[in-house]
Every structure is written in structure tokens, then in C-alpha cells.
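Here's the structure we're looking at; comments come further down.
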Amino acid sequence: MKNVLLIGVGLIGGSIALSIKQEHEATIYGYDVYADNSVTAAEIGVIDEAVTDFTRIAQIADLIIIATPVEATLQVMEKLASISPIIKALVMDVGSTKKSIMNKAEKMAASGIRFIGGHPMAGSHKTGVESAKVHLLENAFYFLSPNSVTTEVDIDEAKTWLKGTRAKFLVTDPDEHDFLTGIISHFPHLVASSLVRIAQHHAKEKPLIQQLAAGGFRDITRIASSSPKMWSDIVSQNKSHLLKLLNEWKNEMDTVIEFVEKGDESELYDYFDGAKSFRDSLPVRSKGAIHPFSDLYVDILDKVGALSHITALLAQSEISIINLSILEVREGLNGVLRLSFQDDNDRDQAQDILQNENYLTQITL
Numbered sequence: 001m002k003n004v005l006l007i008g009v010g011l012i013g014g015s016i017a018l019s020i021k022q023e024h025e026a027t028i029y030g031y032d033v034y035a036d037n038s039v040t041a042a043e044i045g046v047i048d049e050a051v052t053d054f055t056r057i058a059q060i061a062d063l064i065i066i067a068t069p070v071e072a073t074l075q076v077m078e079k080l081a082s083i084s085p086i087i088k089a090l091v092m093d094v095g096s097t098k099k100s101i102m103n104k105a106e107k108m109a110a111s112g113i114r115f116i117g118g119h120p121m122a123g124s125h126k127t128g129v130e131s132a133k134v135h136l137l138e139n140a141f142y143f144l145s146p147n148s149v150t151t152e153v154d155i156d157e158a159k160t161w162l163k164g165t166r167a168k169f170l171v172t173d174p175d176e177h178d179f180l181t182g183i184i185s186h187f188p189h190l191v192a193s194s195l196v197r198i199a200q201h202h203a204k205e206k207p208l209i210q211q212l213a214a215g216g217f218r219d220i221t222r223i224a225s226s227s228p229k230m231w232s233d234i235v236s237q238n239k240s241h242l243l244k245l246l247n248e249w250k251n252e253m254d255t256v257i258e259f260v261e262k263g264d265e266s267e268l269y270d271y272f273d274g275a276k277s278f279r280d281s282l283p284v285r286s287k288g289a290i291h292p293f294s295d296l297y298v299d300i301l302d303k304v305g306a307l308s309h310i311t312a313l314l315a316q317s318e319i320s321i322i323n324l325s326i327l328e329v330r331e332g333l334n335g336v337l338r339l340s341f342q343d344d345n346d347r348d349q350a351q352d353i354l355q356n357e358n359y360l361t362q363i364t365l
């Protein structure tokens with residue numbers, strides 16, 4: 001029986017714990033700065049035992065997973081280093097940036113601590129350990145970032161421990177990881193927030209903006225609703241890459257301004273066509289850096305009881321709908337109902353149920 005210490009008992013840490021329990025014979029101890037989180041995790045079976053001080057368990061652990069924000073992870077690493085060389089476990093984190101963590105890990109290596117950076121690129125509309133699922137990371141990209149002293153044996157051990165996640169492992173150095181995630185995750189969050197701020201400024205004088213933004217604008221800026229604390233932390237940690245990308249964005253916008261000023265239809269067409277072609281080539285059903293919409297679109301008739309019938313069908317199968325909206329309704333014609341689910345598994349089950357009832361459904365519009 002192996003011993004696993006989970007530091008930070010939330011959605012990601014809890015999901016990894018469940019995947020380990022499924023694949024390995026291990027006792028999982030959980031510690032969280034908010035003790036209620038680890039107590040809840042033990043009550044619902046995500047971990048085996050809640051602890052209020054992780055230093056004792058760290059000395060007997062075979063694996064230590066730090067599932068906290070980056071700044072907190074750096075503090076935990078300091079504490080672990082202070083009790084080495086007793087620690088024999090492989091230590092992993094799940095942080096969104098890797099360079100600062102792996103720089104510290106390299107210094108800790110002198111104390112005999114084996115550390116490999118990790119970043120599972122998955123999430124959920126829900127947070128907290130209560131929403132942890134064994135399949136949350138299935139088919140998601142999972143970065144492993146070694147440093148100069150990490151061995152192939154360490155990497156293989158990490159993959160073995162994480163086998164139950166059914167994730168797709170990518171091994172990259174920390175700086176490469178931060179550049180890649182900067183482009184397709186961190187930078188888009190900054191852009192989305194800036195779009196919302198522009199709309200917010202104009203909404204003071206044009207109150208109709210807030211009503212009109214309830215549709216597509218709200219969808220394309222969805223990521224701006226993410227945790228301000230988490231994202232200010234991420235931007236601070238990945239500042240060098242993001243500053244380069246922001247300057248590149250400014251140059252791109254200067255080019256767009258020229259196109260608009262000139263009003264050259266050919267240039268504008270080519271610009272939009274190039275963007276469309278690349279976007280249309282992106283995988284539709286794959287999990288990427290930003291958690292995708294787990295949405296299902298259903299054609300419904302504009303009649304009494306149409307909506308309640310669909311929700312009742314899904315409730316009978318214990319499938320939870322986290323949001324729903326009617327995109328288009330015209331009297332006497334079909335409307336389009338958008339159902340949002342916690343993950344793709346729930347969405348796909350819902351689609352099967354509704355199709356069996358002869359509803360027309362599709363994943364994307």
C-alpha cells in the first residue's frame with residue numbers, strides 16, 4: 001500500500017486523487033488551508049484521511065501532489081524543503097505556469113527532493129472538491145515539465161501515477177510550457193477582459209449595451225468571468241511572455257486599423273478569411289487549453305411544455321444542467337435551446353437520450 005499526500009483539496013486535486021484511487025492501491029491523505037475542504041473530501045470518498053499538518057505525512061509519502069495556485073505552491077515547496085532530506089516522495093504540482101516553480105525545484109534538488117512540474121489542462125464550470133470526477137482529465141492535455149536534474153525514471157514514475165487520468169501527456173521544458181499556454185490561454189484571458197472593459201465604459205452612457213451583450217458577446221468573453229485572484233497571479237508569473245504577446249497584439253491592431261482606414265475590401269476579406277480558415281481547422285471535440293463549452297443545441301417547438309419535457313427527461317437520468325438559454329424563438333416555429341453541462345460526458349449522454357426521443361440536436365451551431 002502506497003501513501004499519497006494531496007496538498008490543496010479542490011476540483012483538480014480531487015479529480016487526480018480519484019484517478020489514483022482507481023488505478024493504484026494507495027492511501028490518500030489530504031491537506032487544505034481551508035480544513036473544511038479536506039474534511040468534505042474524506043466524507044465523500046475523494047481522499048481517505050484529512051490531515052491538519054502535512055509535514056508528518058510528507059515524510060512517509062511515496063507521492064506528493066501540490067494542487068494549489070502558483071504563489072501558494074512556491075510557499076509549500078519552501079516548507080517541504082525545510083523538512084528534507086527525509087522526503088523520499090516524487091513531488092508534482094498542477095500550476096498554470098512552470099518557470100518559477102521549476103527554478104525553485106532545481107534549487108530544492110540539492111536537498112534530495114525529486115520534483116516534476118505538471119499542468120493538467122482541464123477544468124469545469126463548477127469548482128470545489130464536490131465537483132471532482134475521475135474522468136475530468138480524460139483526453140485532456142497534461143503537461144509534464146522536467147528540469148535539468150529530472151530523470152527519465154522520474155518522468156515514467158509520474159506517468160504511472162497519473163495513468164488513471166487517461167490524459168494525453170506532453171513533456172516540455174518550463175519556458176516552452178509558459179510560452180504555449182501564454183498564447184492559447186493566458187493572453188486570451190487578457191483580451192477577453194479588455195473587450196468587457198470597453199463595453200463597460202460605453203455602457204454608462206448607452207445602457208442598451210448591457211442588454212445586447214447578453215448574447216454572442218457574453219459567450220466570446222466568457223473567460224473574463226474567471227477568478228481575478230487566480231488570473232492576476234498567472235499574469236504576474238508569466239509576465240515576460242505576455243508582454244511580448246501584448247506588443248504583438250498592438251502591432252496586429254495597427255494593421256487592422258490601416259485596413260479599416262483604407263476600406264480596401266480585398267484586404268479586409270483576406271484578413272477575415274485567413275482567420276476563419278485557421279479557426280475552422282482547429283479540432284472540434286478535443287480538449288484544449290481553455291475549458292470548452294460542453295453545450296448541446298436542441299431544436300424545440302414553441303409550445304407549452306416543450307422545455308419542461310426536455311429537462312424532465314434529463315433529470316430522470318440524473319444528468320445535471322448547469323445552464324440553459326433559448327437562442328431564438330419565433331411564434332409557431334422552432335426555437336433553439338442551448339443546454340450547458342459540466343463536461344462532455346454529461347453532454348454526450350444527454351444527446352443520446354434526446355435523440356432517442358426524436359429531438360434534433362447538434363454539438364455546435
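Numbering (the UniProt record's numbering), first residue to last: 1 to 365. All C-beta atoms in this analysis are idealised placements derived from N, C-alpha and C, irrespective of residue type, glycine included.
Spatial neighbours of residue i within its chain, please: CB distance less than 7 Å, with the 5 preceding and 5 following residues excluded, ordered by chain position.
i	result
Val76	Ile7, Ile66, Thr68
residue 373	Any answer about residue 373 is impossible in this case: the structure gives the chain only from 1 up to 365.
Thr361	Leu296, Tyr297, Val298, Gln351, Leu354, Gln355
Ile209	Ala199, His202, Ala203
Specify the secondary structure class of residue i as computed by DSSP and reduced to three states.
i	result
Asn139	coil
Val196	helix
Asn323	strand
residue 429	Missing from the structure shown is residue 429; the chain here goes from 1 to 365 and no further.
Lys88	coil
Val171	strand
Pro207	coil
Val191	helix
Ile223	helix
Ala275	helix
Leu282	coil
Ala110	helix
Gly332	Annotation note: pLDDT 47 at Gly332 (below 50); position unreliable, coordinate value reported separately. In the structure shown, Gly332 sits in coil (DSSP, three-state: anything other than H, G, I, E or B).
Lys250	helix
Val235	helix
Thr151	coil
Ala132	coil
Ala306	helix
Glu357	coil
Ile20	helix
Ser317	coil
Ile183	helix
Gly123	coil
Answer with buried or exposed for residue i, where buried requires no fewer than 16 other C-beta atoms within 10 angstroms of its C-beta.
i	result
Met1	exposed
Lys21	buried
Tyr29	buried
His309	exposed
Phe187	buried
Val256	exposed
Pro228	exposed
Ser294	buried
Thr127	exposed
Val51	buried
Ala41	buried
Thr221	buried
Thr151	exposed
Asn238	buried
Ala132	buried
Leu282	exposed
Which residue or residues does DSSP assign as beta-bridge partners of residue i?
i	result
Leu3	Note that residue 3 corresponds to Asn in the displayed sequence, not to Leu. Note: Asn3 sits in a beta bridge opposite Thr27.
Tyr297	Arg338, Gln362
Ala50	Gly30
Gly117	Ser145
Ile65	Leu6, Met92
Which residues in the same chain as residue i place their Cβ atom closer than 8 Å to its Cβ, once the five residues preceding and following it in sequence are excluded?
i	result
Glu357	Leu313
Ile16	Leu6, Ile65, Ala67, Val94, Pro120, Leu137, Leu162, Thr165
Ile83	Thr55, Ala58, Gln59
Glu25	Met1, Lys2
Leu11	Gly123, Ser124, Lys126, Thr127, Gly128, Val129, Ser131, Ala132, Leu136
Using only alpha-carbon positions, find the residue among the options that is nearest to residue i.
i	options	result
Arg197	Ser325, Thr181, Ser225	Ser225
Phe341	Ser320, Gly335, Pro188	Ser320
Glu252	Met230, Asp264, Gln237, Ala275	Ala275
Trp249	Ser19, Arg279, Glu265, Ser194	Ser194
Gly216	Lys262, Val4, Ile326, Tyr269	Ile326
Ile234	Asp62, Ile44, Ser96, Val129	Ser96
Lys79	Leu307, Ala35, Lys104	Lys104
Tyr34	Ala72, Asp348, Asp62	Ala72
His135	Asp344, Asp53, Ile363, Tyr359	Asp344
Leu245	Lys262, Ile116, His189, Leu90	His189
Asp173	Ala167, Val191, Glu157, Val149	Val149
Glu23	Leu11, Val4, Ile101	Val4
Glu130	Asp175, Val9, Glu265	Val9
Asp62	Val46, Leu90, Gly45, Asp48	Leu90
Who are the near neighbours of residue i in its chain, counting only those whose CB is closer than 6 Å to its CB and skipping five residues on each side?
i	result
Pro267	Inspection of the sequence shows that residue 267 is occupied by Glu rather than by Pro. Hits under 6 Å: Phe259.
Val171	Leu144
Glu43	none
Asp154	Arg114, Ile116
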